[in-house]
Amino acid sequence: MKNVLFAGALLLAGVSLAPAQTLTNFDTATEGAEFMFRAPGFSGSTSANVEAATDVAAVSTAQSVSAPNSLRMFWDWTAAAPADARVRITTNGAAGLPNPTIDITKPLTFKVKMTQGHLSDLAILVRETASAGPIGANGGTANGIEIISKVTPVVLDAATNSDWQTVTFDFSNPSSYTVTAFAGSTADGVLSSATNFAVLEALYPRRGTSNAVEFFLDDFEQGTASPQTAASAWEFYE
Ligand SMILES: [Ca+2]
Ligand SMILES: [Ca+2]
């Protein structure tokens with residue numbers, strides 16, 4: 122039994138040490154330009170919720186985890202935006218890293234720093250492109266879109282935490298998130314892809330108690346399978 126435990130511990134250690142794959146750290150992008158994401162008001166599906174005069178997505182040197190750059194987001198909700206309004210901050214045809222491919226068997230992590238206002242949740246949209254990959258490639262715009270929401274909502278509140286935080290959507294642990302159909306032929310509340318590749322279509326934040334919202338994003342990465350998935354390999358050592 123001791124040998125079994127030892128082998129398992131080695132396996133888990135190997136998983137935790139495997140390097141994550143960087144989607145982008147924004148560090149070679151042009152300051153002031155859009156990169157990977159369009160401005161919050163770009164998508165016609167939610168543009169009525171965003172005050173046009175406050176609509177910003179821009180590479181910034183004001184904040185960063187990896188220096189020198191991050192991506193700044195800023196907007197005001199319109200007077201007509203409902204209390205649970207969302208904004209679809211899309212990657213559709215965006216500059217720099219359009220329609221970025223992700224692997225829906227691996228965790229997606231990124232850093233966020235909330236510097237103004239409050240959001241009651243930060244979900245993402247995933248388009249089931251079933252494209253060829255690899256991670257980071259332009260996966261195109263085929264097929265439908267699912268909403269991926271963490272079971273524990275991602276609350277961002279500058280008044281209580283304006284430090285950099287890590288947000289993880291762990292696709293290797295389906296019990297950690299819910300899937301809701303958004304739009305398109307494959308949108309059925311089930312996240313699937315024949316190739317395991319899909320596209321990070323958008324960030325999909327939900328309005329909180331504030332009007333103006335400002336946050337910074339950095340270091341989008343995909344890790345290896347989580348330890349709870351790797352632990353199933355214990356069977357090989359018994
Ligand atoms: Ca950076
Ligand atoms: Ca689906």
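Residues 122 to 359 (the numbering used here) make up the sequence shown, in order. Even for Gly, the Cβ is constructed at its ideal location relative to N, Cα and C.
In this structure, the CA atom of Thr182 is about 8 Å from the CA atom of Ala188. Distances from the CB of Val288 to the heavy atoms of ligand 1 are all 7 Å or more. In the three-state DSSP reduction, Ser191 falls in the strand class (E or B).
If you draw a 10 Å sphere on the C-beta of Thr250, you find 16 or more other C-beta atoms in it, and that means buried.
Short of 8 Å from the beta carbon of Ala215, and not among the five residues preceding or following it, lie these beta carbons of its own chain, in chain order: Glu155, Phe156, Met157, Phe158, Arg159.
Approximately 6 Å separates the beta-carbon atoms of Leu338 and Ser191; this is inside 8 Å, confirming the contact. Minimum Cα-Cα distance from Gln343 among the listed residues Ala319, Ile223, Ser331 corresponds to Ile223. Counting only beta-carbon distances shorter than 5 Å to the non-hydrogen atoms of ligand 1, the qualifying residues in chain order are Asn146, Phe147, Asp148, Ser185, Ser187, Asn190, Asp339. Under DSSP, Gln142 shares a beta bridge with Gln343. About 12 Å separates the beta carbons of Asn294 and Ile225, which is beyond the 8 Å limit, so they are not a contact pair. Nearest neighbour of Val180 by Cα position, chosen from Ala169, Ala174, Met194, turns out to be Met194. Per the coordinates, the alpha-carbon of Ala202 lies some 37 Å from the alpha-carbon of Gly254. Between ligand 2 and Glu322, a heavy atom-to-CB distance of less than 7 Å is absent. At least one heavy atom of ligand 2 falls within 7 Å of the beta-carbon of Ser313.
Ser296 sits exposed, since fewer than 16 C-beta atoms from the chains shown fall within 10 Å of its C-beta.
A contact is defined here as three or more CB-CB pairs under 8 Å, and the segment 237-244 meets this definition with respect to the segment 325-340. If you ignore the 5 residues before and after Ser283, its C-beta comes within less than 8 Å of the C-beta of Lys234, Met235, Thr236, all in its own chain and listed in chain order.
The C-beta separation of Leu246 from Glu322 comes to about 4 Å, placing the pair in contact by the 8 Å criterion.
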